[in-house]
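Residue numbers (our numbering): 81 to 219.
Read through the structure below, which is laid out as C-alpha coordinates, and then see the notes.
Laid out in C-alpha coordinates, this is it:
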(Lines of atoms letter the chains of each structure in order from A and count residues from 1; the text may use other names and numbers.)
(Lines give C-alpha, C1' and ligand atoms only; values in the text may rest on other atoms or scores of the structure.)
Protein backbone atom coordinates (compact mmCIF):
# COMPACT_ATOMS: atom_id res chain seq x y z
CA UNK A 1 0.00 0.00 0.00
CA UNK A 2 1.39 3.40 -0.88
CA UNK A 3 1.49 6.31 1.52
CA UNK A 4 -0.70 9.28 0.57
CA UNK A 5 0.70 12.75 1.30
CA UNK A 6 -1.65 14.95 3.25
CA UNK A 7 -0.57 18.59 2.93
CA UNK A 8 -3.32 19.72 5.32
CA UNK A 9 -2.11 17.31 8.01
CA UNK A 10 1.50 18.44 7.48
CA UNK A 11 0.48 22.10 7.75
CA UNK A 12 -1.59 21.40 10.84
CA UNK A 13 1.31 19.56 12.48
CA UNK A 14 3.69 22.46 11.66
CA UNK A 15 1.19 24.94 13.12
CA UNK A 16 0.93 22.85 16.30
CA UNK A 17 4.72 22.79 16.61
CA UNK A 18 4.82 26.58 16.20
CA UNK A 19 2.15 27.13 18.85
CA UNK A 20 3.95 24.79 21.23
CA UNK A 21 7.24 26.62 20.79
CA UNK A 22 5.75 30.12 20.99
CA UNK A 23 3.90 29.75 24.29
CA UNK A 24 5.78 29.49 27.55
CA UNK A 25 4.29 27.81 30.59
CA UNK A 26 7.00 26.87 33.11
CA UNK A 27 10.75 26.27 33.14
CA UNK A 28 13.51 25.50 35.62
CA UNK A 29 16.08 28.29 35.79
CA UNK A 30 19.07 29.53 37.79
CA UNK A 31 19.22 32.96 39.42
CA UNK A 32 22.03 35.06 37.93
CA UNK A 33 21.17 38.32 39.74
CA UNK A 34 18.82 39.13 42.63
CA UNK A 35 17.36 42.51 43.58
CA UNK A 36 16.35 42.05 47.22
CA UNK A 37 14.70 45.47 47.46
CA UNK A 38 12.32 44.95 44.52
CA UNK A 39 12.11 41.15 44.80
CA UNK A 40 13.04 40.56 41.19
CA UNK A 41 15.68 38.30 39.68
CA UNK A 42 17.44 37.72 36.40
CA UNK A 43 17.35 34.02 35.55
CA UNK A 44 19.05 31.67 33.11
CA UNK A 45 16.67 28.95 31.85
CA UNK A 46 18.21 25.51 32.28
CA UNK A 47 16.70 23.91 29.17
CA UNK A 48 17.74 24.74 25.62
CA UNK A 49 15.11 25.94 23.17
CA UNK A 50 14.08 24.05 20.01
CA UNK A 51 16.98 25.51 18.02
CA UNK A 52 19.45 23.89 20.41
CA UNK A 53 20.86 27.28 21.40
CA UNK A 54 21.45 28.17 25.00
CA UNK A 55 18.52 30.29 26.17
CA UNK A 56 19.09 33.94 26.99
CA UNK A 57 18.82 35.52 30.41
CA UNK A 58 15.29 36.54 31.40
CA UNK A 59 15.47 39.83 33.27
CA UNK A 60 13.41 41.27 36.12
CA UNK A 61 11.37 38.18 36.93
CA UNK A 62 9.08 38.74 39.93
CA UNK A 63 9.81 36.58 42.98
CA UNK A 64 6.73 35.36 44.84
CA UNK A 65 6.51 36.34 48.51
CA UNK A 66 6.20 32.69 49.49
CA UNK A 67 9.68 32.18 48.00
CA UNK A 68 11.56 35.15 49.50
CA UNK A 69 9.81 35.43 52.86
CA UNK A 70 11.77 32.56 54.41
CA UNK A 71 15.00 34.55 54.06
CA UNK A 72 13.31 37.66 55.46
CA UNK A 73 11.90 35.78 58.45
CA UNK A 74 15.37 34.48 59.35
CA UNK A 75 16.86 37.97 58.95
CA UNK A 76 14.25 39.30 61.35
CA UNK A 77 14.83 36.43 63.77
CA UNK A 78 18.60 37.12 63.90
CA UNK A 79 17.88 40.02 66.28
CA UNK A 80 16.19 37.61 68.68
CA UNK A 81 18.40 34.53 68.41
CA UNK A 82 21.84 36.08 68.77
CA UNK A 83 23.55 34.17 71.55
CA UNK A 84 21.14 31.26 71.24
CA UNK A 85 22.28 27.91 69.93
CA UNK A 86 20.28 28.32 66.73
CA UNK A 87 22.11 28.66 63.45
CA UNK A 88 19.99 30.28 60.74
CA UNK A 89 20.07 28.48 57.40
CA UNK A 90 22.03 29.93 54.50
CA UNK A 91 20.17 32.35 52.25
CA UNK A 92 17.87 30.54 49.86
CA UNK A 93 17.45 33.30 47.28
CA UNK A 94 20.88 34.07 45.87
CA UNK A 95 22.90 33.82 42.68
CA UNK A 96 23.06 30.17 41.66
CA UNK A 97 19.78 29.08 43.27
CA UNK A 98 17.65 26.92 40.97
CA UNK A 99 14.03 27.99 40.77
CA UNK A 100 10.79 27.30 38.93
CA UNK A 101 9.52 30.14 36.74
CA UNK A 102 5.93 30.19 35.51
CA UNK A 103 4.75 32.45 32.70
CA UNK A 104 1.43 34.22 33.13
CA UNK A 105 -1.43 33.90 30.67
CA UNK A 106 -1.35 37.64 29.95
CA UNK A 107 0.99 40.61 30.25
CA UNK A 108 1.70 41.60 33.86
CA UNK A 109 3.28 44.95 32.97
CA UNK A 110 0.64 46.86 34.96
CA UNK A 111 0.44 44.41 37.87
CA UNK A 112 1.89 45.50 41.22
CA UNK A 113 2.46 42.59 43.65
CA UNK A 114 0.47 42.94 46.86
CA UNK A 115 -1.72 45.70 45.42
CA UNK A 116 -4.76 43.46 44.93
CA UNK A 117 -6.11 45.65 42.13
CA UNK A 118 -7.42 44.31 38.85
CA UNK A 119 -5.35 45.87 36.07
CA UNK A 120 -5.66 46.12 32.30
CA UNK A 121 -3.73 43.74 30.08
CA UNK A 122 -2.00 46.66 28.42
CA UNK A 123 -1.77 47.49 24.77
CA UNK A 124 -0.21 44.22 23.70
CA UNK A 125 -1.69 40.77 23.24
CA UNK A 126 1.20 38.97 24.95
CA UNK A 127 0.34 35.50 26.22
CA UNK A 128 2.64 33.03 27.99
CA UNK A 129 5.60 35.27 27.25
CA UNK A 130 9.01 35.17 28.95
CA UNK A 131 8.49 38.83 29.91
CA UNK A 132 5.67 37.76 32.23
CA UNK A 133 7.45 35.29 34.48
CA UNK A 134 7.12 34.78 38.22
CA UNK A 135 9.45 32.68 40.35
CA UNK A 136 7.11 30.44 42.33
CA UNK A 137 9.36 27.79 43.86
CA UNK A 138 12.87 26.74 44.76
CA UNK A 139 14.13 23.55 43.15
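Using N, Cα and C, we set each Cβ at its ideal position, and we do this for glycine too.
{"Asked": "According to DSSP, residues forming a beta bridge with residue 213", "Found": "183"}
{"Asked": "7 Å CB neighbourhood of residue 104 in its chain, flanking five on each side removed", "Found": "183, 208, 209, 210"}
{"Asked": "Close beta carbons around residue 132, own chain, < 7 Å, minus the five adjacent residues each side", "Found": "none"}
{"Asked": "Nonlocal neighbours in the same chain, by C-beta distance under 7 Å from residue 171, ignoring five residues either side", "Found": "151"}
{"Asked": "Every unbroken alpha helix (DSSP H) inside the region 92 to 164 [4 residues or more]", "Found": "145 to 161"}
{"Asked": "Inter-residue spacing [alpha-carbon to alpha-carbon] between residue 197 and residue 206", "Found": "20 Å"}
{"Asked": "Which residues DSSP lists as bridging residue 218, in chain order", "Found": "179"}
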